[in-house]
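Read the structure below first, then the notes.
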Amino acid sequence: PTIPVVRSNPMITSSGGKIPLGLKRKALRVVVTGGAGFVGSHLVDRLMERGDQVIVVDNFFTGRKENLRAHFGNPSFELIRHDVVEPILLEVDQIYHLACPASPVHYKHNPVKTIKTNVMGTLNMLGLAKRVGARFLLTSTSEVYGDPLEHPQKEEYWGNVNPIGVRSCYDEGKRTAETLTMDYHRGDHVEVRIARIFNTYGPRMCIDDGRVVSNFVAQALRKEPMTVYGDGKQTRSFQFVSDLVEGLMRLMEGDHIGPFNLGNPGEFTMLELAEVVKEVIDPTAKIAFHPNTADDPHMRKPDISKAKELLGWEPKIALKDGLPLMVEDFRQRVFGDIQEKID
Ligand code: NAD
Ligand code: UDP
Ligand code: UDP
Numbered sequence: 128p129t130i131p132v133v134r135s136n137p138m139i140t141s142s143g144g145k146i147p148l149g150l151k152r153k154a155l156r157v158v159v160t161g162g163a164g165f166v167g168s169h170l171v172d173r174l175m176e177r178g179d180q181v182i183v184v185d186n187f188f189t190g191r192k193e194n195l196r197a198h199f200g201n202p203s204f205e206l207i208r209h210d211v212v213e214p215i216l217l218e219v220d221q222i223y224h225l226a227c228p229a230s231p232v233h234y235k236h237n238p239v240k241t242i243k244t245n246v247m248g249t250l251n252m253l254g255l256a257k258r259v260g261a262r263f264l265l266t267s268t269s270e271v272y273g274d275p276l277e278h279p280q281k282e283e284y285w286g287n288v289n290p291i292g293v294r295s296c297y298d299e300g301k302r303t304a305e306t307l308t309m310d311y312h313r314g315d316h317v318e319v320r321i322a323r324i325f326n327t328y329g330p331r332m333c334i335d336d337g338r339v340v341s342n343f344v345a346q347a348l349r350k351e352p353m354t355v356y357g358d359g360k361q362t363r364s365f366q367f368v369s370d371l372v373e374g375l376m377r378l379m380e381g382d383h384i385g386p387f388n389l390g391n392p393g394e395f396t397m398l399e400l401a402e403v404v405k406e407v408i409d410p411t412a413k414i415a416f417h418p419n420t421a422d423d424p425h426m427r428k429p430d431i432s433k434a435k436e437l438l439g440w441e442p443k444i445a446l447k448d449g450l451p452l453m454v455e456d457f458r459q460r461v462f463g464d465i466q467e468k469i470d
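Here it is as structure tokens:
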């Protein structure tokens, strides 16, 4: 009898090329540091879906096991409680290095720990990449542009960052992480990729992490006034998490080091964002003005021409379409919390 041939879809190889129909792509061993967090857990979902063997390394500072529950018991998935500030030995093909608190409230909570995570954590992951010959991707940030004097921001812009301010542990930390990444590339020939991520939102964000989208959504659901800091005229550009994950994977699989801006160029003032949240959740929602925090960047908008051209990537989900996708998740968690407190 003839043996049936299982024809699978063409799959993307690690170098970005297509494997012919019928041939199965070799599963990669991939580490995701910070994989229990907001972005990391969505990335893990995609990697698992693709058939990779995924190891998450996380110290659960802001991440939650709950975010990875779908993969517990899957032999291709492993979760290690580990702080990236300490060395670790693993045998892997790719390293997505996300471990680092991302919201200002979290990263200012223990600034020395934040900079250690950015510097020593990144050094350890690069040392690991060097030892095993893995490809390394750094999730840097639009914060490397500081309070930008150019608008929109291109990757060539060097930024306007206060080195001694309350945000420095994060933005200078990420700038150093980028430096380390390039030095391991030039000095030790480690294959590296750098993404500069702009404000991202979606399901699984920490509800009380103080970021503006999570704050406004949770406040509107709880019928509390939305807290606008300063005059609300500062701008940000908000990207839905699935667009970011697609960009990160294309960057890892592609041939270009970067840095690449990964963000949605749709730019909003905080007052405009509050209006969109009102439309989506509650037209009667109120706004309360609060003093702004120190060194708050006045505007931020990515120029994504480079990612469009070299990665064939651009975001697909506009704010008004993405917000409803996170509201259901928040509704369940916000009202689940209240129910737990009553019980
Ligand atoms: P998050 O806080 O949800 O996730 C960070 C994860 O890293 C958490 O699971 C946390 O427990 C873990 N972590 C923190 N310190 C660690 C340590 N020392 N050792 C091991 N694990 C540690 O944040 P996120 O929004 O998912 O961000 C992920 C990455 O993307 C971060 O590097 C962040 O700087 C970057 N980024 C995010 C955004 C955004 O808007 N979400 C914007 C720019 C850059
Ligand atoms: N490192 C790690 N895992 C490895 C290899 C290295 O955590 O598999 C750490 C190592 O402990 C060191 C850092 O990465 O702190 C940088 O390693 P590298 O080999 O570049 O530097 P060296 O050990 O020579 O200082
Ligand atoms: N912000 C706000 N209300 C909030 C939280 C934040 O108006 O409840 C403002 C904040 O001052 C900043 C913008 O929203 O100008 C984005 O803040 P976030 O902390 O989300 O991200 P980042 O400053 O890192 O871009």
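Just so you know, UniProt numbering puts the end of the sequence shown at 470, numbered straight through with nothing missing.
The C-beta atom is built at its ideal place from N, Cα and C for all residues, glycine as well.
Query: Cβ-heavy atom distance, residue 397 to ligand 2, below 8 Å; Result: no
Query: Cβ pair count under 8 Å reaching 3, the segment 262-277 against the segment 190-205; Result: no
Query: Residue 275 versus residue 334 - alpha carbon distance; Result: 28 Å
Query: Uninterrupted beta strand (DSSP E) stretches inside the segment 337-398 (no shorter than 3 residues); Result: 353-356, 362-364, 387-389 and 394-396
Query: Heavy atom of ligand 2 within 8 Å of residue 252 beta-carbon; Result: yes
Query: Nonlocal neighbours in the same chain, by C-beta distance under 8 Å from residue 218, ignoring five residues either side; Result: 156 and 259
Query: Reduced DSSP category for residue 128 - H, G, I as helix; E, B as strand; rest coil; Result: Note on residue 128: pLDDT 41, under 50, position unreliable in the model; the coordinate value appears next. Three-state result, residue 128: coil.
Query: Distance CB(residue 332)-CB(residue 170) smaller than 9 Å; Result: no
Query: Bounding residues of the beta strand (DSSP E) (the contiguous stretch that carries residue 417); Result: 414-417
Query: Enclosing alpha helix (DSSP H) for residue 509 [first to last residue]; Result: Nothing can be reported for residue 509: it is not among the residues displayed for the chain, which extend from 128 to 470.
Query: Helix, strand or coil at residue 226 [DSSP, three-state]; Result: coil
Query: Where residue 457 sits in the DSSP three-state scheme; Result: helix
Query: Contact check, residue 282 vs residue 365, beta carbons under 9 Å; Result: no
Query: Same chain, Cβ closer than 7 Å to residue 443, five either side skipped, listed in chain order; Result: 370
Query: For residue 320 and residue 504, believed in contact at Cβ under 8 Å, the rounded distance; Result: Outside the modelled stretch of the chain, which goes from 128 to 470, sits residue 504, for which no answer is possible.
Query: Which of helix, strand or coil DSSP assigns to residue 194; Result: helix
Query: Rounded straight-line distance, which links the Cα of residue 401 to that of residue 413; Result: 9 Å
Query: Proximity below 9 Å, CB of residue 327 to CB of residue 461; Result: no
Query: For residue 328, the three-state DSSP class (helix, strand or coil); Result: strand
Query: For residue 310 and residue 285, the rounded distance between their alpha carbons; Result: 17 Å
Query: Selected residue, minimal CA-CA separation from residue 458, among 406, 418, 439 and 341; Result: 341
Query: beta-carbon residue 342 near ligand 3 non-hydrogen atom, thresh 8 Å; Result: yes
Query: Residue 237 beta carbon near ligand 4 (any heavy atom closer than 8 Å); Result: Looking at this structure, you won't find ligand 4 anywhere; what it does contain is ligand 1, ligand 2 and ligand 3.
Query: Closer than 8 Å: residue 388 CB and nearest ligand 1 heavy atom; Result: no
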